[in-house]
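Residue numbers (my numbering), protein chains in the order written: chain P, 843 to 1197; chain U, 843 to 1197; chain E, 30 to 359; chain D, 30 to 359.
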Ligand SMILES: Cc1ncc(C[n+]2csc(CCOP(=O)(O)OP(=O)(O)O)c2C)c(N)n1
Ligand SMILES: Cc1ncc(C[n+]2csc(CCOP(=O)(O)OP(=O)(O)O)c2C)c(N)n1
Ligand SMILES: [Mg+2]
Ligand SMILES: [Mg+2]
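Take a look at the structure:
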């Protein structure tokens, strides 16, 4: 009972080269930000993108050098989809990540030392060696450490948003899941409830086309998952998640609007790609080389950097300087962590119950 | 902290009189059945509708006379939404009900004696006293006894459909949930999976506007739950669930089509109403009198009977004869059950494991 | 002291008082709003505290608990109602994987002060899906607390403790005794709490010990009385009140005194709460034991519906009585 | 007999053979298809049996089990894979409320022959969400069966029995020993099964009994050897193999012989499987006991990640050794 040629075809042919998705015409964001501010903010975003990229890259290397326990989940290629929405969050907002949101926690302002410490299971991390290396959280920044179960943070984010609405607070909850996570029942229960009460939640779907080895076409009945918004009576968008200016224009308008009105929620599907395996132990040979190459061409960073130069927002030299600064900070953070003490084994008995 | 007048209003005003919903123009069923067959089938459907009504009515009365243990979940007012789709099922099909599908199990052909026996917890019922009275099942008819947990049968029906598709069998799975059940995560996981593999499932949503005391507007972000179909990449319809000829025209076309092609699935939201409480112990005082009255006017039975007369399909006398026949059968079934032996207590230890 | 109160009155009162005391306390669940709960355990709360503070949810058990968690992380103290213990499985991940582990996962930096109120266990005419007692599942989940009061006094006091506790607490309401008149008692007018983790000696005795929790405690009391009257056997009744953590000291003290133990609950026997209590005793108080540790529980089947089956199935006073006599004579 | 096989080889083989034997057997789960499973437990099955018979599902644990149930009701014999035991909670209702109760609910007229394969329990470097052993939850659910093999031979034989059983069987794969080379063994070429419900004496002994299941059995064997060598203490090792039903006869027989028992597993202690085994012994074999029933389990916390914490947390051979000496001297 061999696979039929048709079955083989469905399963094995490289994903057709994706047409660059566009915002629906109806939903084209209107430029409500002034040009100067936009430029300043784009520069800041560039810095966070770069910082995320370098931090991730160095993390992968440490893993390869065997200096880390567990495995490493790289997000390289997906920086824009986490950095840009998070850039528009404010202090009281809540962030509920899934597991590939390094860019979000960095943009949120979490000290890199804390992240590097967790990667190396040091006492100086927030969890003090208790959790898996890169399932990062930062309580001070209302950034909930991932639960690892897919889409598990969606409902929690909705609860945070409910508490904002009940108390008439102008905060939002920003929550991420992969396109794979949206198949969980919890995702549905959460979005439906947020829609009923028009809660201030931004549901980001990081669509990187694969959930471990499972392609989007075996994950969802409709590749455009954001279309589920219609069924919930809310708005949904799908756009190129690697196009930073596009994301900027979208989120700079929508997040403040949702915050101002304390709702309603919105589903945003951002198409992007993870360059490497699901984690470092995954050879990712279920994907076609051409597909990976195509997406590397669509690397959010250099494309955005060209844009910055072209628009006269930054010079090449400035961009290079940012890179160096980022590298230095990353270096310092890992240095700190490598020299930090390890946790005492018996502390694994602590923090089970709050006093 | 009183309710604000606005809150009171939102919660307590009687549901606006509903405009009679129509099939979308695009989806108007084409009359693919010949007129004579249609007439014959409508007559049979009328018989099942009447049988269901009378069986339910007598069940309620027995409960009121205290001759039944537990409580009774009447479906009066909702006969059409269960009888009509089930009428088009065939022997190998699978039916996964929620809990208010008396019409489905009767139309499926389950002996009334079995049902009456369960209502009275007699040894002659399928479950032999183990289950709640009107959570009926009939294994011989591939009709799975309800699990009581809302929407729990949806995924099971999808599994049945998967097995049909895998084996290239021309059967369908018909599954019911209330509008309330569609809020469960399991409903979502099931529909999404069915959509991915284009499985032969008919997802019926019996929208009776209330889930116990919770109104539709607090249950779903979009009152038209069938619109979720778009997000799953399948077709969805919403229609007046009390309009029997309309339902006939729809299901007589769609169920054979889905069977012939072994999929894809379809979501059908049928608006209807339960006349009485959630169960007999519920006074249902959360609903406005006007609302209940309005829906009683829209009783599927007399309206359909007028149609039958008007179209010359049946005479008044014939309709009356059906009523008498139905009453008689119902009477006989309850008589049987009332005289049937009770189960032995120790048999509650049986049937935990298959041998 | 006001008029005597039923068990469910105590639950309504505790919630209302906590909601008055602390604006961060709110209730959410199915049918809790206008309807006041299918058992009326939230009666009047929406009228008294407004739409948001007694919020009707869709049929979404996972969301009910998830939303409670999220609100708790943002400083509130939610009370989530699960309409029947039978339906808690939809919230299994939120309870076991989120609520129980957030404090640990965040290195002690975040707390999850939520209460999950559950209409739990057997009552008359419930059957497979309205009479389950699944607390053993949660006893195996570090990070949770579980309580199961058996009297109006404890119901109120433990619910207040649960609301004020900074950990997720599963509060098992005993629907079998929600409104039984013989359990009515006057409650203190002043604010009071009952500590989580402390058992209560419901009756002093010296020949053997019944250990139980929730409504089955009343079976024990009934049987203890009969044993005393008919045989002069003096049975101690230990009402655990808390299942996680359970009161190890109180158990040991009683075993030391009586040397014979019967554990009883309405959940099926195998791998139930009674298994842990028994194992604890066999490990920590072995030397004081004079006889096998007996468990009188429901049979290992789903909850059957028909009334005569229920009776056959449950750990009835008759079964308890027989077991006690046997143990006494051992 | 072919080349020596690892534990995971045995699992792959059992599935392939059952799928060949019976066209109604198929596998579904996350990443089971092209990828062959994240642990490669379904390696080659899609190539061998086609798209449908080794079907990749979305991340929908409830649906995975629900779909298996539905297909089983229609005559098939599905094997549902849950990628990690930690993720089984999403399927809690399908497992406990549907699969376990359909036979009962339908008065014995419908059967649910499904296998739920779970990559279970601890392994190196797993942490909170990849190392849980939640079998105690399911031991409390009548209608289910649970097995946990500790060797390649049993892995294959029990999986075949599970597939052929007409009840829902939870098959707990021990990911800690999936590919350890020292466990490799030659397997019979002919079809064979290992019966569900029967324990295995992994080592005969007379001074005390270790009771365990799954990978922790190998801790027991290691310690038993050491006890013999260093102290001439003869420890029996009873490998339960099945957790539900568990082999009461084998347990009693061993307790009668040794009178001293240590139960050990990688799940936390409180309300774990060990509690039931201990309670059973305290109830049914009390008279044969010479010492407290000891449980050596993980601490009552989530699974910690850091390697040195893991070691501190687990029921290591060192802890088992100390407990055994103490018990021997009791
Ligand atoms: C409930 C649950 N099921 C399965 C897994 C195992 N798992 C971890 S990541 C993953 C794929 C996630 O895909 P997606 O949501 O698209 O995120 P991505 O990894 O692509 O960023 C799976 C199946 C899990 N963590 N949780
Ligand atoms: C998972 C679950 N949660 C809660 C309940 C309690 N309950 C029984 S029926 C019902 C309302 C169901 O509403 P709907 O699906 O609209 O069906 P209807 O009763 O209106 O026919 C609820 C909440 C349940 N049975 N299962
Ligand atoms: Mg993905
Ligand atoms: Mg309804």
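Glycine included, each C-beta is placed from N, C-alpha and C at the ideal position. Only a predicted model underlies this, so the values are computations on that prediction, with no experimental measurement involved.
One question on the structure: do residue i and residue j come within less than 8 Å of each other, judged by their Cβ atoms?
i	j	result
residue 204 (chain D)	residue 118 (chain D)	no
residue 996 (chain U)	residue 1017 (chain U)	yes
residue 217 (chain E)	residue 35 (chain E)	no
residue 1134 (chain U)	residue 922 (chain U)	no
residue 343 (chain E)	residue 130 (chain D)	no
residue 109 (chain E)	residue 187 (chain E)	no
residue 918 (chain U)	residue 928 (chain U)	no
residue 281 (chain D)	residue 349 (chain D)	no
residue 354 (chain E)	residue 320 (chain E)	no
residue 174 (chain D)	residue 196 (chain D)	yes
residue 1101 (chain U)	residue 1014 (chain U)	yes
residue 892 (chain U)	residue 1164 (chain U)	yes
Three-state secondary structure (DSSP) at residue i?
i	result
residue 937 (chain U)	strand
residue 906 (chain P)	helix
residue 85 (chain E)	strand
residue 1088 (chain U)	helix
residue 864 (chain P)	Here the model assigns residue 864 (chain P) a pLDDT of 43, short of 50, so the residue's position is not dependable, and the following value carries that caveat. In this structure, residue 864 (chain P) counts as coil in the three-state DSSP scheme.
residue 241 (chain D)	strand
residue 78 (chain D)	helix
residue 1185 (chain P)	coil
residue 872 (chain U)	Because the pLDDT of residue 872 (chain U) is 47, which lies under 50, any placement of that residue in the model is unreliable, and the number read from its coordinates should be weighed accordingly. Looking at residue 872 (chain U) - three-state DSSP - the assignment turns out to be coil, as it is neither helix nor strand.
residue 212 (chain D)	helix
residue 145 (chain D)	strand
residue 271 (chain E)	strand
residue 169 (chain D)	coil
residue 1203 (chain U)	This structure does not reach residue 1203 (chain U), given that chain U is present from 843 up to 1197, and the question cannot be answered.
Can you tell which of the options has its C-alpha closest to the C-alpha of residue i?
i	options	result
residue 1019 (chain U)	U:1079, U:1047, U:998 and U:1005	U:1047
residue 939 (chain U)	U:1167, U:962, U:1060 and U:986	U:986
residue 1092 (chain P)	P:886, P:930, P:911 and P:889	P:930
residue 214 (chain D)	D:185, D:257, D:202 and D:270	D:185
residue 264 (chain D)	D:284, D:144, D:308 and D:294	D:284
residue 964 (chain P)	P:1193, P:1194, P:1192 and P:1176	P:1176
residue 943 (chain U)	U:954, U:1057, U:1164 and U:988	U:988
residue 1122 (chain U)	U:910, U:887 and U:1067	U:910
residue 211 (chain E)	E:224, E:200 and E:251	E:251
Legend entry - Residues of the stretch 975-995 of chain P with Cβ closer than 9 Å to any Cβ of chain D, in chain order: Against chain D - using a Cβ distance shorter than 9 Å - the residues of the stretch 975-995 of chain P are 975, 977, 988, 989, 990, 991, 992 and 993.
Inset, instruction - With a floor of 3 residues, list each beta strand (DSSP E) that falls wholly inside the stretch 968-1019 of chain P, ordered by position along the chain. - result: Taking only runs of at least 3 residues, no beta strand (DSSP E) segment lies wholly in the stretch 968-1019 of chain P.
Inset, instruction - Return the residues of the stretch 945-974 of chain P that lie within a Cβ-Cβ distance of less than 8 Å from chain E, sorted by chain order. - result: 967, 968, 969, 970, 972 and 973
Inset, instruction - With 8 Å as the limit, tell me which residues of the stretch 1025-1037 of chain P have their beta carbon closer than that to any beta carbon of chain E; keep them in chain order. - result: 1027, 1028, 1031, 1032, 1034 and 1035
Legend entry - Residues of the stretch 321-336 of chain D whose Cβ lies closer than 8 Å to any Cβ of chain P, in chain order: 328, 329, 330, 331, 333, 334, 335 and 336
Legend entry - Whole runs of the alpha helix (DSSP H) within the stretch 317-358 of chain D, excluding any shorter than 4 residues: 336-342 and 346-358
Inset, instruction - Check each residue of the stretch 275-299 of chain E: if its Cβ is closer than 8 Å to any Cβ of chain D, include it; give the result in chain order. - result: 296, 297 and 299
Inset, instruction - Could you name the residues of the stretch 149-175 of chain D whose beta carbon sits closer than 7 Å to any beta carbon of chain U, in the order they occur along the chain? - result: 171 and 172
Inset, instruction - Could I get the ranges of all uninterrupted beta strand (DSSP E) runs contained in the stretch 36-120 of chain E, with 3 residues as the minimum, in chain order? - result: 54-58, 83-85 and 106-111
Inset, instruction - Could you name each continuous beta strand (DSSP E) segment of 3 residues or more that falls completely within the stretch 1061-1119 of chain P, going from the start of the chain to the end? - result: 1077-1082 and 1108-1113
Legend entry - Residues in the stretch 1034-1068 of chain P having any Cβ partner in chain U nearer than 9 Å: Residues passing the 9 Å Cβ filter: 1034, 1035, 1036, 1037, 1038, 1039, 1040, 1059, 1060, 1061, 1062, 1063, 1064, 1065, 1066, 1067 and 1068.
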